[in-house]
Amino acid sequence: MRTILLAVASLALAFALGLLTPLARAAEAVLSITDPLGDDHGDGSLQYPTSALYAPGVFDLAAFEVAKDGAELVLAATFKLPFRRPPEDQVVATDLKLRDVSNNGLYLQNVDIYVDIDGVPGSGYEQMVPGRVATISPDSAWELAVVLTPQPYAATSLLRQAELELSDAVRIPDDIVVRGRTVTARTPLPLASSDPGEWGYLVVVTAAAFRPALALGSDMLRASIAILNMPVLAGASPTALGTSVRSAFVPPILDLLHPTARAQESALGITERSVAPPELRAWRAAAASEKPTGTGSAQASPPEESVPASDKVAPDGAGKVLAAKEDLIVFSLPAGATVFVGAIGQVLGDSAGGEVIATIVVTKLMPDGIFTAQVAKGDAARIAPGQRVVFR
Ligand SMILES: [Ca+2]
Ligand SMILES: [Ca+2]
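Residue numbers (the numbering used here): 179 to 570.
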């Protein structure tokens, strides 16, 4: 047991130190968040389309990374399975071969990334691109969206017709790079922008729908349009997602970037009595991770209201330090508990009274309830595996 824990802890430490971060090579890594595997079911009820095209796991987001490369923002989404070229004769609509749909290597998935740059509650857009159903919390209102989709030109044309104002803030790149399990997009950094490490990021995966660009003739069509994502239907379908929840507000979002599957299911959850779609929140990177040797008091924390209380507090007691190295620690929380990047916690000493020996700022979330944090204040040299970590 001890060996396994140590192996997990050293792997976690390797992640934390950036040793395993694919993006870190050329660009300057800004943020790296791991998403659990096996949670590609949205609120828990969503089923894949029944076509054999959709191998189990094909929509399962595994990680999201942000980097800065000169004047460009680099966004990378890594999935559980490698991206594959579909069979030559795969037809997805009348006279439409899947191979002919995409010229960018992406065939089955859409990845939407909504970026809250100014961090000002209520400032920015609170809607997603049409078809995603969910809305975005005012404290995560965004200024920039990047949508990765197999048909960027058709999606751009549809979005302009459906939501002209929104379309100015949405970038749908046609030059994404698909390699192995990772799709990467580059987009110019907004002029005079702040540090991307301090921005909020909301990432969702939907299933791509296929059709040629249409002219939207009527307001009704305009209102019902989806930007090339599959809808959710009651029951199974080869060209739609299935659900057992009888509500029009079930988002067609198979995977949402979130540290635990349970938190994702609750964020996307809808009951038959719900009168509005769920409201999603962005991840806000900690300013703290940029300044590991600061004075402590200079560390910024996210606004209190940007983090749901239930996600910020470990509900049943303390976490545990798994590994410590200089001012970096790796810790776990009890099953079901989670904290957001930027949350402030304390490491308690070994004495019975449990005096506070260090204040920490959470910097990363990893699979299986493991987190990393930076020591902001206190005596890092006294931190040792087994000590308790609390958030209050
Ligand atoms: Ca996932
Ligand atoms: Ca997820």
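Where is the CB? At the ideal position from N, CA and C, for every residue including glycine. All values derive from a computational prediction rather than experimental measurement.
Legend entry - Neighbour-count burial assignment, residue 216, 16 or more Cβ in a 10 Å radius: exposed
Inset, instruction - Please name the residue, chosen from 496, 325, 312, 346, that lies closest to residue 410 on a Cα-to-Cα basis. - result: 312
Inset, instruction - Label residue 229 either buried or exposed according to how many other C-beta atoms from any shown protein chain fall within 10 Å of its C-beta, with 16 as the threshold for buried. - result: exposed
Inset, instruction - Give a single yes or no on whether residue 344 has its beta carbon closer than 6 Å to a heavy atom of ligand 1. - result: no
Inset, instruction - Indicate whether residue 425 and residue 448 have their beta-carbon atoms separated by less than 7 Å. - result: yes
Inset, instruction - Using alpha carbons as the reference points, say which of 434, 497, 532 lies closest to residue 126. - result: Because the chain spans 179 through 570 in this model, residue 126 falls outside it and cannot be assessed.
Legend entry - Residues of its chain near residue 533, where Cβ-Cβ distance is below 6 Å and the 5 sequence neighbours each way are ignored: 527
Legend entry - residue 502 in three-state terms, based on DSSP: strand
Inset, instruction - Grab me the residues of residue 320's own chain with a C-beta within less than 6 Å of its C-beta, minus the 5 sequence neighbours each way, in chain order. - result: 292, 293, 294, 302, 303
Inset, instruction - Pull up the DSSP beta-bridge partners for residue 544, would you. - result: 548
Inset, instruction - Go ahead and label residue 323 buried or exposed: buried means 16 or more other beta carbons lie within 10 angstroms of its beta carbon, across all protein chains shown. - result: buried
Legend entry - Beta-carbon contacts of residue 535 that lie in its chain and below 6 Å, excluding the five residues immediately before and after: 525, 527, 556, 557, 560
Legend entry - Below 7 Å from a heavy atom of ligand 2 - residues by beta-carbon: 213, 214, 217, 239, 433, 434, 435, 436, 439, 442
Inset, instruction - Grab me the residues of residue 499's own chain with a C-beta within less than 8 Å of its C-beta, minus the 5 sequence neighbours each way, in chain order. - result: 507, 508, 509, 525, 561, 562, 563, 564, 565, 566, 567
Legend entry - Straight-line Cα distance separating residue 439 from residue 281: 33 Å
Legend entry - Pair within 7 Å by beta-carbon distance, residue 250 and residue 349: no
Inset, instruction - Compute the distance between the beta-carbons of residue 169 and residue 254, then report whether it is under 7 Å. - result: Here the chain comprises residues numbered 179 to 570, so residue 169 is not present and cannot be evaluated.
Inset, instruction - Could you have a look at residue 223 and say whether DSSP puts it in helix, strand or coil? - result: coil
Legend entry - Inter-residue spacing [alpha-carbon to alpha-carbon] between residue 257 and residue 263: 15 Å
Legend entry - Distance, residue 315 Cα to residue 298 Cα: 12 Å
Inset, instruction - Just grab the DSSP bridge partners of residue 497 for me. - result: 567
Inset, instruction - Kindly give me the distance between the Cβ atoms of residue 407 and residue 309, rounded to whole angstroms, as I take these residues to be in contact under 8 Å. - result: 5 Å
Legend entry - Helix, strand or coil at residue 334 according to DSSP, with G and I counted as helix: helix
Inset, instruction - Could you tell me if residue 529 is buried or exposed, where buried requires 16 or more neighbouring beta carbons within 10 angstroms of its beta carbon? - result: exposed
Inset, instruction - Would you kindly check if the distance between the Cβ of residue 290 and the Cβ of residue 244 is under 7 Å? - result: no
Legend entry - Buried or exposed (CB count within 10 angstroms, at least 16 for buried), residue 345: buried
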